[in-house]
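Worksheet for the structure shown next.
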Amino acid sequence: MFLARLGLSAVQNIFGSKASENDVDPNDILESLNLVRNCIDSHGLTPGLETEHLRRGVIQCTVDLMQDLFDHDESWKMIDRDPTDPNKLQIAQLLIQFSERFQIFPKSLFITVEPSSIRPQRAGTNSQIYSGQWKDLKVAITLLRSHGRSVRLYKNDPAHNKLFLECLRWRQLRHPNVVQLFGVDITNIGHAPTLIYPWIEKGNIRDHIEKLTQKPELERLMSWSCDIARGMAYLHKMGIAHGDLRGNNILLSDGDNALVTDVVLYSFLEESTIPYPRKNTPERWMAPEFLDTSEPSYASDSYSFGLVCIEIFTGKIPFPDLSVGLVVAKMSEGDFPVKPDTMPDHVWSLARACWNYVPQRRPTMEQLLYDLSRSGQASDS
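Per the working numbering, the very first residue in the sequence shown carries number 65; after that it's consecutive.
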(Lines of atoms letter the chains of each structure in order from A; the text may use other names.)
(Lines give C-alpha, C1' and ligand atoms only; values in the text may rest on other atoms or scores of the structure.)
Protein backbone atom coordinates (compact mmCIF):
# COMPACT_ATOMS: atom_id res chain seq x y z
CA MET A 65 0.00 0.00 0.00
CA PHE A 66 2.99 2.24 0.58
CA LEU A 67 3.91 1.82 -3.10
CA ALA A 68 0.38 2.72 -4.12
CA ARG A 69 0.60 5.95 -2.15
CA LEU A 70 4.02 6.58 -3.67
CA GLY A 71 2.64 6.16 -7.19
CA LEU A 72 -0.25 8.50 -6.43
CA SER A 73 2.17 11.04 -4.98
CA ALA A 74 4.22 10.85 -8.17
CA VAL A 75 1.17 11.67 -10.29
CA GLN A 76 0.25 14.56 -8.01
CA ASN A 77 3.79 15.95 -8.23
CA ILE A 78 3.84 15.69 -12.02
CA PHE A 79 0.42 17.26 -12.27
CA GLY A 80 1.13 20.06 -9.82
CA SER A 81 4.63 21.07 -10.82
CA LYS A 82 4.44 20.93 -14.60
CA ALA A 83 0.85 21.64 -15.58
CA SER A 84 1.46 25.35 -15.93
CA GLU A 85 4.59 24.71 -18.00
CA ASN A 86 2.64 22.74 -20.61
CA ASP A 87 5.44 20.12 -20.81
CA VAL A 88 4.01 17.17 -18.91
CA ASP A 89 4.78 13.81 -20.49
CA PRO A 90 1.53 11.79 -20.54
CA ASN A 91 3.62 8.62 -20.28
CA ASP A 92 4.83 9.73 -16.83
CA ILE A 93 1.23 10.08 -15.68
CA LEU A 94 0.17 6.73 -17.13
CA GLU A 95 3.18 4.93 -15.67
CA SER A 96 2.44 6.27 -12.19
CA LEU A 97 -1.29 5.53 -12.44
CA ASN A 98 -0.55 1.97 -13.51
CA LEU A 99 1.77 1.64 -10.52
CA VAL A 100 -1.09 2.68 -8.26
CA ARG A 101 -3.44 0.17 -9.88
CA ASN A 102 -0.96 -2.70 -9.67
CA CYS A 103 -0.25 -2.03 -6.01
CA ILE A 104 -3.94 -1.78 -5.13
CA ASP A 105 -4.49 -5.09 -6.94
CA SER A 106 -1.70 -6.72 -4.93
CA HIS A 107 -2.85 -9.75 -2.96
CA GLY A 108 -0.09 -9.37 -0.41
CA LEU A 109 -1.87 -6.74 1.66
CA THR A 110 -2.57 -7.51 5.28
CA PRO A 111 -6.34 -7.66 5.80
CA GLY A 112 -7.93 -5.35 8.33
CA LEU A 113 -10.13 -2.32 8.67
CA GLU A 114 -7.20 0.09 8.77
CA THR A 115 -5.70 -1.32 5.58
CA GLU A 116 -9.07 -1.28 3.80
CA HIS A 117 -9.69 2.32 4.88
CA LEU A 118 -6.27 3.33 3.56
CA ARG A 119 -6.83 1.39 0.35
CA ARG A 120 -10.16 3.07 -0.34
CA GLY A 121 -8.62 6.43 0.47
CA VAL A 122 -5.88 5.91 -2.10
CA ILE A 123 -8.45 4.79 -4.69
CA GLN A 124 -10.63 7.85 -3.99
CA CYS A 125 -7.66 10.19 -4.38
CA THR A 126 -6.65 8.45 -7.59
CA VAL A 127 -10.05 8.66 -9.30
CA ASP A 128 -10.41 12.28 -8.17
CA LEU A 129 -7.03 13.10 -9.69
CA MET A 130 -7.80 11.36 -12.96
CA GLN A 131 -11.07 13.25 -13.26
CA ASP A 132 -9.17 16.48 -12.64
CA LEU A 133 -7.13 15.75 -15.77
CA PHE A 134 -10.33 16.21 -17.76
CA ASP A 135 -12.11 18.93 -15.82
CA HIS A 136 -9.63 21.79 -15.49
CA ASP A 137 -8.26 24.04 -18.19
CA GLU A 138 -4.65 23.58 -17.14
CA SER A 139 -4.94 19.81 -17.31
CA TRP A 140 -6.39 20.05 -20.81
CA LYS A 141 -3.10 21.70 -21.80
CA MET A 142 -1.16 18.75 -20.42
CA ILE A 143 -2.53 16.27 -22.94
CA ASP A 144 -3.58 17.00 -26.51
CA ARG A 145 -7.04 18.57 -26.62
CA ASP A 146 -8.20 16.02 -29.20
CA PRO A 147 -10.75 13.96 -27.22
CA THR A 148 -9.67 10.81 -29.08
CA ASP A 149 -5.99 11.29 -28.21
CA PRO A 150 -4.66 7.83 -27.19
CA ASN A 151 -3.14 9.11 -23.93
CA LYS A 152 -6.39 10.78 -22.92
CA LEU A 153 -8.31 7.62 -23.79
CA GLN A 154 -5.99 5.52 -21.64
CA ILE A 155 -6.55 7.76 -18.63
CA ALA A 156 -10.31 7.66 -19.22
CA GLN A 157 -10.17 3.87 -19.43
CA LEU A 158 -8.13 3.67 -16.22
CA LEU A 159 -10.60 5.93 -14.44
CA ILE A 160 -13.57 3.80 -15.50
CA GLN A 161 -11.73 0.58 -14.62
CA PHE A 162 -10.94 1.90 -11.14
CA SER A 163 -14.52 3.01 -10.52
CA GLU A 164 -16.07 -0.16 -11.94
CA ARG A 165 -13.85 -2.51 -9.97
CA PHE A 166 -13.89 -0.73 -6.63
CA GLN A 167 -17.28 1.03 -6.90
CA ILE A 168 -15.65 4.32 -5.97
CA PHE A 169 -16.40 7.38 -8.09
CA PRO A 170 -14.85 10.85 -8.42
CA LYS A 171 -16.39 13.23 -5.91
CA SER A 172 -16.87 15.80 -8.67
CA LEU A 173 -19.31 13.47 -10.45
CA PHE A 174 -21.86 14.41 -7.79
CA ILE A 175 -23.16 17.96 -7.88
CA THR A 176 -26.09 19.82 -6.34
CA VAL A 177 -28.53 21.84 -8.43
CA GLU A 178 -31.68 23.54 -7.18
CA PRO A 179 -34.64 23.23 -9.58
CA SER A 180 -36.12 26.57 -10.67
CA SER A 181 -39.65 25.18 -10.39
CA ILE A 182 -41.45 22.28 -8.77
CA ARG A 183 -43.07 21.52 -12.14
CA PRO A 184 -41.15 19.83 -14.96
CA GLN A 185 -40.55 21.97 -18.03
CA ARG A 186 -40.54 19.02 -20.42
CA ALA A 187 -41.39 15.33 -20.35
CA GLY A 188 -40.00 12.42 -22.32
CA THR A 189 -40.97 8.77 -22.58
CA ASN A 190 -38.94 7.83 -19.54
CA SER A 191 -37.98 11.13 -17.97
CA GLN A 192 -39.13 14.48 -16.67
CA ILE A 193 -36.91 17.49 -17.28
CA TYR A 194 -36.70 20.43 -14.88
CA SER A 195 -34.61 23.56 -15.29
CA GLY A 196 -32.12 24.84 -12.76
CA GLN A 197 -29.00 26.93 -12.24
CA TRP A 198 -25.46 25.60 -11.79
CA LYS A 199 -22.31 27.74 -11.90
CA ASP A 200 -24.13 30.58 -13.66
CA LEU A 201 -25.41 28.17 -16.29
CA LYS A 202 -29.00 27.23 -16.98
CA VAL A 203 -29.07 23.46 -16.85
CA ALA A 204 -31.48 20.60 -17.50
CA ILE A 205 -32.26 18.38 -14.51
CA THR A 206 -33.38 15.03 -15.90
CA LEU A 207 -35.36 12.77 -13.59
CA LEU A 208 -35.56 9.17 -14.83
CA ARG A 209 -39.00 7.60 -14.66
CA SER A 210 -40.40 4.09 -14.97
CA HIS A 211 -44.07 3.05 -14.86
CA GLY A 212 -45.03 6.67 -14.20
CA ARG A 213 -42.82 6.92 -11.11
CA SER A 214 -39.43 8.46 -10.54
CA VAL A 215 -36.55 5.99 -10.42
CA ARG A 216 -35.34 5.71 -6.83
CA LEU A 217 -32.11 3.87 -6.17
CA TYR A 218 -30.95 2.56 -2.83
CA LYS A 219 -27.40 2.07 -1.67
CA ASN A 220 -27.47 -1.73 -1.84
CA ASP A 221 -29.26 -1.80 -5.20
CA PRO A 222 -26.81 -2.85 -7.97
CA ALA A 223 -28.50 -0.27 -10.21
CA HIS A 224 -27.21 2.47 -7.88
CA ASN A 225 -23.58 2.12 -8.95
CA LYS A 226 -24.53 1.00 -12.46
CA LEU A 227 -26.09 4.41 -13.11
CA PHE A 228 -23.08 6.23 -11.67
CA LEU A 229 -20.68 4.18 -13.80
CA GLU A 230 -22.62 4.88 -17.00
CA CYS A 231 -22.76 8.58 -16.13
CA LEU A 232 -19.01 8.53 -15.49
CA ARG A 233 -18.51 7.17 -19.03
CA TRP A 234 -20.73 9.90 -20.44
CA ARG A 235 -18.97 12.60 -18.47
CA GLN A 236 -15.62 11.88 -20.12
CA LEU A 237 -17.05 12.59 -23.59
CA ARG A 238 -16.13 15.88 -25.26
CA HIS A 239 -17.53 16.53 -28.72
CA PRO A 240 -19.46 19.41 -30.33
CA ASN A 241 -22.23 17.01 -31.43
CA VAL A 242 -22.65 15.15 -28.13
CA VAL A 243 -24.40 16.71 -25.13
CA GLN A 244 -21.95 17.14 -22.25
CA LEU A 245 -22.98 15.64 -18.91
CA PHE A 246 -21.99 17.82 -15.95
CA GLY A 247 -22.79 15.31 -13.22
CA VAL A 248 -25.40 13.55 -11.10
CA ASP A 249 -27.49 15.10 -8.32
CA ILE A 250 -28.79 12.72 -5.65
CA THR A 251 -30.05 15.38 -3.24
CA ASN A 252 -33.16 16.86 -4.88
CA ILE A 253 -36.59 15.80 -6.16
CA GLY A 254 -37.33 13.17 -3.56
CA HIS A 255 -33.70 12.00 -3.44
CA ALA A 256 -34.09 10.29 -6.81
CA PRO A 257 -30.95 10.64 -8.97
CA THR A 258 -31.07 13.33 -11.63
CA LEU A 259 -28.69 13.91 -14.53
CA ILE A 260 -27.40 17.44 -15.10
CA TYR A 261 -26.46 18.79 -18.52
CA PRO A 262 -26.81 22.13 -20.38
CA TRP A 263 -30.30 23.44 -20.95
CA ILE A 264 -31.08 23.24 -24.68
CA GLU A 265 -33.81 25.77 -25.41
CA LYS A 266 -34.92 24.39 -28.77
CA GLY A 267 -35.49 20.91 -27.39
CA ASN A 268 -35.37 17.78 -29.54
CA ILE A 269 -35.05 17.88 -33.30
CA ARG A 270 -38.36 16.24 -34.23
CA ASP A 271 -40.47 18.49 -32.01
CA HIS A 272 -38.58 21.49 -33.37
CA ILE A 273 -39.28 20.53 -36.99
CA GLU A 274 -42.97 19.91 -36.23
CA LYS A 275 -43.31 23.41 -34.76
CA LEU A 276 -41.81 25.18 -37.78
CA THR A 277 -44.26 26.95 -40.07
CA GLN A 278 -42.03 26.21 -43.06
CA LYS A 279 -39.99 23.10 -43.75
CA PRO A 280 -36.24 23.60 -43.24
CA GLU A 281 -34.13 24.04 -46.34
CA LEU A 282 -32.30 21.02 -47.71
CA GLU A 283 -28.96 22.48 -46.66
CA ARG A 284 -30.14 22.61 -43.04
CA LEU A 285 -31.49 19.03 -43.12
CA MET A 286 -28.20 17.78 -44.55
CA SER A 287 -26.25 19.70 -41.92
CA TRP A 288 -28.26 18.09 -39.10
CA SER A 289 -27.79 14.64 -40.63
CA CYS A 290 -24.02 15.20 -40.76
CA ASP A 291 -24.00 16.49 -37.17
CA ILE A 292 -25.70 13.34 -35.91
CA ALA A 293 -23.42 11.06 -37.93
CA ARG A 294 -20.39 12.97 -36.63
CA GLY A 295 -21.50 12.65 -33.00
CA MET A 296 -22.28 8.95 -33.43
CA ALA A 297 -18.96 8.26 -35.18
CA TYR A 298 -17.23 9.84 -32.17
CA LEU A 299 -19.20 7.65 -29.73
CA HIS A 300 -18.23 4.54 -31.66
CA LYS A 301 -14.60 5.62 -31.71
CA MET A 302 -14.86 5.93 -27.94
CA GLY A 303 -16.22 2.38 -27.73
CA ILE A 304 -19.83 3.34 -26.97
CA ALA A 305 -22.91 1.98 -28.75
CA HIS A 306 -25.84 4.32 -28.09
CA GLY A 307 -28.75 1.87 -28.23
CA ASP A 308 -31.53 4.49 -28.29
CA LEU A 309 -30.85 6.74 -31.26
CA ARG A 310 -34.05 8.54 -32.31
CA GLY A 311 -35.35 12.07 -32.76
CA ASN A 312 -36.26 12.47 -29.09
CA ASN A 313 -32.60 11.94 -28.19
CA ILE A 314 -31.22 14.53 -30.59
CA LEU A 315 -31.26 18.13 -29.36
CA LEU A 316 -30.72 21.37 -31.26
CA SER A 317 -28.30 23.92 -29.84
CA ASP A 318 -28.75 27.69 -30.01
CA GLY A 319 -26.34 27.60 -32.95
CA ASP A 320 -28.68 25.12 -34.68
CA ASN A 321 -26.28 22.19 -34.38
CA ALA A 322 -27.61 18.69 -33.68
CA LEU A 323 -26.44 17.11 -30.41
CA VAL A 324 -26.78 13.43 -29.47
CA THR A 325 -27.98 12.94 -25.88
CA ASP A 326 -28.99 10.14 -23.46
CA VAL A 327 -25.76 8.43 -24.43
CA VAL A 328 -25.71 5.64 -21.84
CA LEU A 329 -29.23 5.50 -20.46
CA TYR A 330 -30.52 2.57 -22.50
CA SER A 331 -27.71 0.39 -21.18
CA PHE A 332 -28.51 1.37 -17.60
CA LEU A 333 -32.28 0.93 -17.87
CA GLU A 334 -32.00 -2.37 -19.71
CA GLU A 335 -29.48 -3.95 -17.32
CA SER A 336 -30.76 -2.54 -14.04
CA THR A 337 -33.24 -4.15 -11.67
CA ILE A 338 -35.73 -1.34 -12.35
CA PRO A 339 -39.02 -2.59 -13.86
CA TYR A 340 -38.58 -0.84 -17.20
CA PRO A 341 -41.75 -1.00 -19.32
CA ARG A 342 -41.06 -2.66 -22.66
CA LYS A 343 -43.85 -0.68 -24.31
CA ASN A 344 -41.78 2.46 -23.73
CA THR A 345 -38.60 1.10 -25.28
CA PRO A 346 -37.63 2.35 -28.73
CA GLU A 347 -38.56 -0.76 -30.78
CA ARG A 348 -39.70 1.42 -33.67
CA TRP A 349 -36.05 2.36 -34.25
CA MET A 350 -34.47 -0.96 -33.26
CA ALA A 351 -32.59 -3.32 -35.56
CA PRO A 352 -34.04 -6.87 -35.76
CA GLU A 353 -31.06 -8.46 -34.00
CA PHE A 354 -31.24 -5.81 -31.26
CA LEU A 355 -34.84 -6.80 -30.56
CA ASP A 356 -33.71 -10.40 -30.10
CA THR A 357 -30.66 -9.78 -27.90
CA SER A 358 -31.21 -6.36 -26.25
CA GLU A 359 -27.50 -5.80 -26.94
CA PRO A 360 -26.82 -2.52 -28.75
CA SER A 361 -24.03 -2.51 -31.32
CA TYR A 362 -22.47 -0.09 -33.77
CA ALA A 363 -24.45 -1.82 -36.53
CA SER A 364 -27.75 -1.43 -34.66
CA ASP A 365 -26.96 2.28 -34.24
CA SER A 366 -26.50 2.54 -38.02
CA TYR A 367 -29.91 0.91 -38.50
CA SER A 368 -31.48 3.48 -36.16
CA PHE A 369 -29.67 6.30 -37.95
CA GLY A 370 -31.45 5.40 -41.19
CA LEU A 371 -34.80 5.86 -39.43
CA VAL A 372 -33.62 9.10 -37.83
CA CYS A 373 -33.03 10.40 -41.36
CA ILE A 374 -36.72 9.71 -42.04
CA GLU A 375 -37.62 11.76 -38.95
CA ILE A 376 -35.43 14.66 -40.03
CA PHE A 377 -36.82 14.83 -43.55
CA THR A 378 -40.48 14.37 -42.52
CA GLY A 379 -40.66 15.78 -38.98
CA LYS A 380 -42.52 12.61 -37.96
CA ILE A 381 -41.67 9.25 -36.46
CA PRO A 382 -41.23 6.34 -38.90
CA PHE A 383 -44.61 4.82 -39.87
CA PRO A 384 -46.54 7.31 -37.71
CA ASP A 385 -49.91 5.62 -38.36
CA LEU A 386 -48.79 2.11 -37.38
CA SER A 387 -48.35 0.42 -34.01
CA VAL A 388 -44.87 -0.58 -32.90
CA GLY A 389 -45.65 -4.26 -33.51
CA LEU A 390 -46.64 -3.62 -37.13
CA VAL A 391 -43.58 -1.45 -37.70
CA VAL A 392 -41.27 -4.21 -36.45
CA ALA A 393 -43.02 -6.77 -38.68
CA LYS A 394 -42.87 -4.53 -41.79
CA MET A 395 -39.20 -3.64 -41.34
CA SER A 396 -38.24 -7.28 -40.71
CA GLU A 397 -39.90 -8.21 -44.02
CA GLY A 398 -38.04 -5.46 -45.90
CA ASP A 399 -41.10 -3.22 -46.17
CA PHE A 400 -39.38 0.11 -45.51
CA PRO A 401 -40.79 3.63 -45.07
CA VAL A 402 -41.76 5.55 -48.18
CA LYS A 403 -39.06 7.87 -49.49
CA PRO A 404 -39.79 11.43 -48.30
CA ASP A 405 -40.30 13.91 -51.14
CA THR A 406 -37.66 16.22 -49.70
CA MET A 407 -34.98 13.52 -49.32
CA PRO A 408 -32.30 13.42 -52.05
CA ASP A 409 -31.78 10.08 -53.79
CA HIS A 410 -28.27 9.62 -52.39
CA VAL A 411 -29.51 10.08 -48.80
CA TRP A 412 -32.34 7.63 -49.46
CA SER A 413 -29.78 5.09 -50.72
CA LEU A 414 -27.76 5.52 -47.52
CA ALA A 415 -30.87 5.11 -45.35
CA ARG A 416 -31.81 1.89 -47.15
CA ALA A 417 -28.26 0.58 -46.72
CA CYS A 418 -28.64 1.17 -42.97
CA TRP A 419 -31.65 -1.19 -42.92
CA ASN A 420 -29.79 -4.17 -44.35
CA TYR A 421 -30.97 -7.25 -42.45
CA VAL A 422 -27.35 -8.43 -42.11
CA PRO A 423 -25.64 -6.16 -39.53
CA GLN A 424 -22.17 -6.60 -41.05
CA ARG A 425 -23.41 -5.20 -44.36
CA ARG A 426 -24.62 -1.90 -42.94
CA PRO A 427 -22.42 1.17 -43.38
CA THR A 428 -20.46 2.33 -40.35
CA MET A 429 -21.09 5.77 -38.92
CA GLU A 430 -17.70 6.87 -40.30
CA GLN A 431 -18.79 5.77 -43.77
CA LEU A 432 -22.14 7.49 -43.41
CA LEU A 433 -20.47 10.70 -42.26
CA TYR A 434 -18.06 10.60 -45.20
CA ASP A 435 -20.82 9.99 -47.77
CA LEU A 436 -23.17 12.58 -46.27
CA SER A 437 -20.40 15.19 -46.09
CA ARG A 438 -19.47 14.60 -49.72
CA SER A 439 -23.08 14.77 -50.89
CA GLY A 440 -23.62 17.92 -48.83
CA GLN A 441 -20.64 19.58 -50.49
CA ALA A 442 -21.90 18.52 -53.90
CA SER A 443 -25.33 20.05 -53.26
CA ASP A 444 -23.69 23.35 -52.23
CA SER A 445 -21.69 23.63 -55.44
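Using N, Cα and C, we set each Cβ at its ideal position, and we do this for glycine too.
| Asked | Found |
| --- | --- |
| Buried versus exposed, by CB contacts within 10 Å (16 or more), residue 322 | buried |
| Buried/exposed call for residue 311, threshold 16 Cβ in 10 Å | buried |
| Buried or exposed (CB count within 10 angstroms, at least 16 for buried), residue 401 | buried |
| Range of the contiguous beta strand (DSSP E) that encloses residue 193 | 191-198 |
| Reduced DSSP category for residue 293 - H, G, I as helix; E, B as strand; rest coil | helix |
| Stretch-stretch touch, CB-based, cutoff 8 Å, three pairs: the stretch 163-179 with the stretch 117-133 | yes |
| Own chain partners of residue 184 with C-beta closer than 8 Å, once the 5 adjacent residues on each side are dropped | 192, 193, 194, 207 |
| Among 425, 354, 324, 230, nearest to residue 159 - alpha-carbon criterion | 230 |
| Contact the stretch 279-288 vs the stretch 390-404: 3+ CB pairs below 8 Å | no |
| The stretch 345-359 contacting the stretch 368-388, beta-carbon criterion three pairs below 8 Å | yes |
| Cα-Cα separation between residue 284 and residue 273, rounded to whole angstroms | 11 Å |
| Beta-carbon proximity list for residue 416, same chain, < 8 Å, skipping 5 on both sides | 370, 400 |
| Beta-carbon spacing of residue 318, residue 265 below 8 Å | yes |
| Paired residues, beta bridge with residue 523 - DSSP | Lying outside 65 to 445, the shown extent of the chain, residue 523 is not represented and no answer is given. |
| Endpoints, the beta strand (DSSP E) within which residue 323 is located | 322-324 |
| Neighbour-count burial assignment, residue 276, 16 or more Cβ in a 10 Å radius | exposed |
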